[in-house]
Each structure stands twice: as C-alpha cells, then as structure tokens.
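S.K.: Heads up: the protein sequence lines correspond to chains A and B, in order. First residue of the first sequence? That's 660 in the working numbering, and the numbers climb one at a time after it. First residue of the second sequence? That's 196 in the working numbering, and the numbers climb one at a time after it. Heads up, the beta-carbon is just placed ideally off N, CA and C, and yes, glycines get one too. Since the structure is predicted, the reported quantities are computational estimates derived from the model, not experimental observations.
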Amino acid sequence: MKRSNLPLEFGAEPMDIEIGPSHPAMHGITRLSTRLDGEVVTAVEVEIGYLHRGFEKECENSTYVQVIPYTDRLNYVSPILNNIGYSLAVEKLFGLDVPKRAQYARVILGELSRISDHLTCNGAMGMEVGAMTVFLWYVKAREYLWELTEEVTGARLTHNWTRFGGNANDLPDTFFDMLEERLKKVEAVLEEGVKMLFKNKIFLDRVKDVGVLSRERAIEYGFTGPMLRATGEPYDLRRAEPYLVYNELDFEIPVGTVGDSYDRFLVRHEEMLQSISIIRQAVAKIPKGGHYQHDRRAWLPDKTEVYGSIEGLIDHFKVIMEGSTPPKGEVYQAIEGGNGELGFYLVSDGTGKPYKCRVRPPCFNFVSALPEMLIGHYVGDIVPIYGSINMIGGELER
Amino acid sequence: MDMILDILTIPLVQAVIKILVFVLGFVMAVGTVLTLMERKWMSAVQDRIGPNRANIGKFTGHGALHIAADGVKSLLKEDTVPAGADRFLYLIAPLFSYFPAILVWAVIPFAGPIGSVTFQITDINTGLVFIFAVTSLGVYGAVLGGYASNNKYALLGAIRTSSQMLSYEVFLGLSLIGIFMVYGTVQVSKIVELQNTYWFDGLIPKWGIFTQPLAFFLFFTGMLAEAKRQPFDQPEGESEIIAGYYLEYSGARFSAYMLAEYVSIVAVSAITVTLFFGGYQIPWLFPDGFHLLGYSLALPPVVVALLQAGSFITKTLIFCWLIIIIRWTLPRFRFDQTMDLGWKKMLPLSMANLVVTALVLLLTA
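1) What are the start and end residues of the beta strand (DSSP E) that includes A/Gln992?
2) When the Cα of A/Ile945 is compared with those of A/Ile935, A/Val904, A/Arg927, A/Ser1047, which residue comes out closest?
3) If you measure from the beta carbon of B/Val240 to each beta carbon in chain A, is any gap under 9 Å?
4) Give me the chain A residues within the contact set of B/Gln476, using Cβ-Cβ distance strictly less than 9 Å, ordered along the chain.
5) Check distances from the C-beta atoms of the region 238 to 270 of chain B to those of chain A and list, in chain order, the residues that come in under 8 Å.
6) Of the residues that make up the region 341 to 358 of chain B, which ones have a beta carbon closer than 9 Å to any beta carbon in chain A?
7) With DSSP as the reference, please indicate the residues paired to B/Val585 in a beta bridge.
8) Is B/Tyr440 closer than 9 Å to B/Gly352 when the C-beta atoms are compared?
9) Got a sec? Which residues, its chain only, sit under 8 Å from B/Val240 by beta carbon, not counting five neighbours each side?
10) Would you verify that the beta carbon of A/Ser663 is, or is not, closer than 9 Å to some beta carbon of chain B?
11) Listing by chain order, which chain A residues have their CB less than 8 Å from the CB of B/Leu470?
12) Mind checking the region 519 to 538 of chain B against chain A and listing, in chain order, the residues whose C-beta falls within less than 9 Å of any C-beta there?
13) A/Arg662 to A/Val700, Cα distance in whole Å?
14) Going along chain A, which residues have a C-beta under 7 Å from B/Pro430?
15) Quick one, which residues of the region 437 to 465 of chain B are near chain A if we go by CB-CB under 7 Å, in chain order?
16) Taking DSSP as the reference, what is the three-state secondary structure of A/Asp696?
17) Within 9 Å (strictly less), CB to CB, does A/Asn998 reach chain B?
18) Closer than 8 Å, Cβ to any Cβ of chain B: which residues of the region 771 to 803 of chain A, in chain order?
19) Between B/Phe291, B/Gly473, B/Leu544, B/Thr559, which has its C-alpha nearest B/Thr511's C-alpha?
20) Based on the DSSP secondary-structure assignment, which residues constitute the bridge partners of A/Leu733?
21) Is there at least one Cβ from chain B nearer than 9 Å to A/Glu706's Cβ?
22) Closer than 9 Å between beta carbons: that is the criterion. Which residues of the region 949 to 983 of chain A meet it against chain B?
23) Within the same chain, show all residues whose beta-carbon is closer than 8 Å to that of B/Glu435, passing over the 5 residues directly before and after it, in chain order.
24) In three-state DSSP terms, what is B/Ser344?
25) Give the straight-line distance between the Cα atoms of B/His486 and B/Leu492, rounded to the nearest whole angstrom.
26) Using only CA atoms, which one of A/Tyr709, A/Leu710, A/Ile739, A/Phe823 lies nearest to A/Phe753?
27) Output the boundary residues of the alpha helix (DSSP H) element that contains A/Val965.
28) Taking the straight line between their C-alpha atoms, what separation do you get for A/Trp820 and A/Pro728?
29) Are the Cβ atoms of A/Asn742 and A/His818 separated by less than 9 Å?
30) Does B/Pro400 get closer than 9 Å to chain A when you measure Cβ to Cβ?
31) Flag B/Pro277 as yes if its beta-carbon sits less than 9 Å from any beta-carbon of chain A, otherwise no.
32) On the CB-based measure, 16 or more other CB atoms within 10 Å of its CB, does A/Leu807 come out buried or exposed?
33) Buried or exposed: which applies to B/His257, given that a residue is buried once 16 or more other Cβ atoms fall within 10 Å of its Cβ?
34) CB-CB under 8 Å to B/Thr467, same chain, minus the five flanking residues each way: which ones, in chain order?
35) Name the one or two DSSP bridge partners that B/Leu492 has.
36) Within a Cβ cutoff of 7 Å, which residues of the same chain sit near A/Leu856, ignoring the five residues on either side of it in sequence?
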C-alpha cells in the first residue's frame, strides 16, 4: 500500500498543500502542511497550537477549585474524566480520603464519559470514510448519555462536578431509573454500527492496514490508551495503577494486533462494551453513604455548619478568601482518560493557588507520530488516520 | 382550431413542446425536488427530522418551502471568482456539467407511441451511442471547473473526476454491448419495444435485467461513478478535498453544479430503467391492453400511454431513491480502490459477460 521513497512519476513536480487549520474535516484546528506526489503523501508537517488558551497559566492565577471548570474544556468530549483526574491529583496533595459512594459515582460517570468519547471518535471515523449515517447514530447515542450526566450535574457538557473530597452532588434516584434503559439504547446503537460498518467491505478496505504504527514505535512515542492497546500492548492505567475503585470491578482490556486504524476502531468499540459492563457492576455495588467528605482545608463545610457554628463560619470564610490550601509539595496523578494517560502534575507552595498545574495530554504523543503514520498513504487516508488518533484540540493545546 | 392542429403537426413545434414538457415538467422538477428529498430521506435514515424550518407565516409544507428558499438564496448570493482563476472557463464550466445531464433526455421515451405521436423528443437510430457521447461530456464541467478555479483542492478533485469518469466509461460501454447484441439495435425506442416480448408463452418479459443480469450490475455501478455518487464520490470527497472541483463556486453557479448532480441522478435512473427495466413497459401490457395466459383486458390507447408514463416515472423514482439510500448507507472508496475496482474487476467481468452473451446467442440462434 505504501508508495514512499519512489521517484516521482513522469518527472512531475510535487504539490504542496495545506490541510487546515480551517478545513471541514479537521477536528479542532490543526494544520497539516503536506507534500503530495499525485495522490500520495510524501511529507507532512503538523502545526498545532491554534486552540491554545493558556490553561496552565490561568490555573496559576485561580484557586484550586476554580480550576475544575477549566478542566471541563480540556477533553471536551469526556469532561468528567478531566474533573476526576484533577480532583484526584488535588486530593493526593491533601491526602484526602474520598467516600466509597463518591468513588463509585465517579467511576459510573467517568465510564459514561469514556463511552461518549469513544462514540464520538468511532462515529467520526465512520464519517471520514463517508459513512455519515453512523456518525449521526453515534451522536444520537451520545446524547442519551449526556442527558444522564445532565441529570446528575445539571450540564450536558461542562459539568464542573467533582470537589476535593467528593462530588458536588450525589447521584439522584432518577439517574438510576434512567440508566439501564439508556445503556440498552446505547448497546442497540452500537449493534447497528457493527452491522453498518464491520461487515462492509468498503469500510474494512478503508481502515485495514492504514496508519499502522508498530508496538515498539508506539511505546517509543509514549502512546497510551486505545492507541497503544491497538498495537497489542495491554496497558491500561485502570489496571496498571488502579485508582478509585477499579480494582474492585471486573473488566477486560481489549487489545489489537496490528496497530492500524481498524484495530483502533475495534479497541474503542470493545472498550465501550466493557465500560457498559463496568457501569452495571458499579451500580450493583455502589454503597449507601455520603457523597462528600468534608475537610476544612480543602473545601466548604455544609451550610448548616456555616450558619450553626462559629468554626463552620470561619472555615467557610477561610476557603472563600484564601481558597483551598494544600500543604507544600508536588504530585503527579494520572488516570485513564478517553484517549489514554491523562496526567495532572501539581506543585503547591502552600498558598490557595497552584504554583504550577501541568497537564499531560495523551494525544500530544499521537499527533507527534502523525507524520510517520501518514507518509506513503493516499490523500484520502489523511483524514481517516487523523480521525483515528482522536485528537482533541482542547486537551492537546490547552 | 384547424390552424392550431396544423401548427402542432410541424415536427419542430412538437419537439419544442416535448422538450418543455419533459425537461421542464419532469426532469427539472424531479431534480429540484430530489435536492429536498435527499435531505429528507437522509434524515429518515439518520433518525432526524430534516429540513422543516422554511416557512411563510405558519405554513412550512414539511420542508417543501426549502426548495424555494434554497433557490432564492443561491440566486441572491454573490457570484465570486477567485483571484488567479481563468475567468472565462471558470464562468462557463458549470454549464458543461449541467447540459449533458439534460441532453440525455433527448432520446429517452416516456411512453409508447399513439399513432404517429411519440413521447420521445427525438428517436435517432444511434440512441445509445448518443447517450454515451453526451454523458462523457459531463467530465468537462468538472475538469474545467476544477482547473480554472486556481485551487489545489479543486485541481485534485478535477484530476480524480477525469480519471474516474474515463476509466469507468470503458467498462460501462462494454457492459452495454451485451444489450446491443441481445436486442440487435442501438435505437432506444426499439430496445424498449423489444423488452415487451416474452419467454414461456408470454410469462416472463425479456427485460434487460433478465437477459443481461450481470451487465445491469456493471452498468449501474458504472453509472453511479459517472454521476459521482457515493461510493464513488471522491471527486467531491468532503472529508479530504472539501468539495472537490466546485469548491470555489458560489451562488447560482454552485447551485448549477448541485442541480446538475441531481439531474444526472434522474438521468442515470432513467437510462437504467430504459435499458434494463423495460423503460415505460408494464409487463403484459400491450398497445391494445393487457394479455396474460389467455386472459385479456382491452384498454384505449390514451389510458395505455398514461399507464406507461406512470410506470416509467415510478421506476425512475425508485432508482433515484435507491441511489440516494446507497449514498447514506455506504462509505466511499479511496481513490486507488476505485481504480482497482474499475480496471481489475469490472473490466474483466464486463468482457466475460460479452463472451458469454455471444456464446449463448450463437448457440441459441
């Protein structure tokens, strides 16, 4: 399939063409400066940064809790995972314990978020090879899940849900009432997607052996998440460095064999099914109890305390005026985000604002490997490969 | 009154009236309505409602007003010419896309003749060859538009269009030679008439689909590629080269390209119906009425003609629907896969079809 390193045909001149930053198929805004020999890509240069918003710098000027809404905008197709990752990092800094019920709730909403991330990515992959219908079906399924999270957090997309020591609110009964029905609907849509794509020769021809990256190269590039697992490496932070209550839950880590677009598609598809099973287990196991454990350094006390006792009032005043004040130190906490290892590195100087908040975006590594995956392929493969790495501008460029 | 009838017997007047009725009354109308129906059918496939917002007061007509809204909008938009474009070619290119799709209709019969009145604009004896010649011209619209736009994406689209259409014409032609051989003519009206002959004592009509089943699939595939419809729409592949050769066009010229696409869908359907599905024929309906297994039902010629026109239009619309549903079901091929399919699979198949047809004709003659 690859045709690189061949001399140009008929002494033709190569054509330089800019794909993006404003291109209908570019997720977010990225520029690919490509050089084409006819229809074959001979050189690619990726230019990122069009969506840079200064996330990390803004964190330094915000109190710890003010950062949570910013994290919603990192990977904007799975915002709750970002909330969870950041809160886990801050809780590690404080040394806080989170109540079991809150941890289970985080797992449930986190997995819902992961499904919506994978639905978006797989749907977009379908769209990029021309199967627009599958994309819209998957977006419909994503909407079912967003309505669920809306039931809990009040927002479809920018949830701002976790707090230090728990969550902003508990999972309501209506959530559990709706959940099973929604999961069934999502499963039905996934089944439709299987029928539409997996048995379709055209789709298989378009994604098989396209954008291959070997296991060794993927590890060298620092791949994580579905992209790494597609190459056959069963590395999943939920198992490798368990956080929350993942070690109490039973799930499998799907892996691919070749590391092409097809494997990525399959891995994401299987992960969605695994996530659904995780959610079902978590719902069965979720204990009764509080959704939030108050710590006076970390976050506000209950309102009855504020109005009923002088200590509560002082705590409230201190947190509002100074922000959460973790002890001096630095932590790195990574979770398995939609795309892979989503890490937060926090440095605290003992004040109410992070001295440094650094995010390790999983898709930065994918984008840096993009030229290697693209060169030698046809123009028509650029966008499907680019879609298969699931680049999310908000997370990549922060 | 006599004078009017006299005028109506002049062939030129008849031709003009037929052109007006067929092209304006049917082709353009269906082409325009298809722009809306595609969106409606697509949204039905995709679990959406589809366009329904254009309104006059409270009347929306379930989106029917979008046809008018689109037309007015495209006419009122600025007709831009990109810097560095070849102005003359750029401005005339949409017409090259548009006219071939309409010209095809010159030889398509809508119903059987009543006496000396035919329902076909012109019945030239090289009908099929004419269809070929004209559909091949369609490539100029795309190539000139893409070339003159001074845009690399448009150029890529133009190159893809030209190579795709040229490659697919080869086996398209070969797949039809079987039809020539079976019916022994290239005159379209004769081919349609001969499809009203029967096997097994008038049981099974000799439609193209039954006499040349493989050729039908080859021909329909090739025609999809000629009309640049999914899965052969890389010339406009919106995820890679945005809109391909008509990327730079705006306003009325853009809608000329769009309308040309829909008119060519109707044309493709009509040609397929004419050659493989009996054209206007209804099985067992003869000029004097139905005849089947000894039973018969006499009908006046006007009713027969109306039934035939209805059958032709219905069959054509079914194929329009099929082409649109295919688009929203299948992904698109990559460019090299299109070429592989054309040259390595379709071409040998159409040649094999030719040989088998020849052998069968030789043995049964």
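M.R.: A quick look at the data gives this:
1) 988 to 995
2) A/Val904
3) yes
4) Neighbours of B/Gln476 on chain A: none; closest Cβ ~34 Å, over 9 Å.
5) Val240, Gln241, Asp242, Arg243
6) Lys347, Tyr348, Leu350, Leu351, Ile354, Arg355
7) This structure cannot speak to residue 585 of chain B, because chain B is shown only from 196 to 560.
8) yes
9) Ile520, Trp523, Thr524
10) Only weak support exists for where A/Ser663 lies, its pLDDT of 48 falling under 50; the value from the coordinates is given anyway. It does not: the Cβ of A/Ser663 has no partner Cβ on chain B nearer than 9 Å.
11) Near B/Leu470 there are no residues of chain A at all, since even the closest Cβ is about 26 Å away, more than 8 Å.
12) Arg522, Trp523, Thr524, Leu525, Pro526, Arg527, Phe528, Arg529, Phe530, Asp531, Gln532
13) Confidence at A/Arg662 is low in this model, with a pLDDT of 48, below 50, so its placement is unreliable and no value can be given for it.
14) None at all; the shortest Cβ gap to chain A is about 11 Å.
15) Ile437
16) strand
17) no
18) Gly785, Met786, Glu787, Val788, Gly789, Ala790, Met791, Thr792, Leu795, Trp796, Lys799
19) B/Gly473
20) For A/Leu733, which the question treats as bridged, DSSP gives no partner whatsoever.
21) no
22) none
23) Gln429
24) coil
25) 7 Å
26) A/Phe823
27) 962 to 967
28) 8 Å
29) yes
30) no
31) no
32) buried
33) exposed
34) Phe411, Phe414, Phe415, Met418, Phe514
35) B/Phe485
36) Gly785, Ala790, Val793, Phe862
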